[in-house]
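Below is one structure, written out as structure tokens; the observations come after it.
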Amino acid sequence: MKAYKIKSLIYLSIFIAAAAVYYHMEQNQMLQDTLLTSSVIDLEVEQTAELEGEEDNKE
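Numbering-wise, the sequence shown is residues 17 to 75 according to my numbering.
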């Protein structure tokens, strides 16, 4: 009976560790996606400003 309880405790511990690792990986991926989106928006704003500046110089 004790072996069953120890085995169950080990399985529970492994499950909790796996869930924590998965959660950490998911949060890391979400952070990278947010940073990528932010970088794309910054680049679009810079390119728009440059294009508007070129149009003003032509006139």
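Each residue gets a CB set at the ideal place from its N, CA and C atoms; glycine is no exception.
Checklist entry - Which of the three DSSP states, helix, strand or coil, is assigned to residue 17? => result coil
Next on the checklist: Whole angstroms are fine: how far does the CA of residue 22 sit from the CA of residue 29?
Outcome noted: 10 Å
Checklist entry - What residues in its chain sit with their C-beta under 7 Å from that of residue 18, if we drop five residues either side in the sequence? => result none
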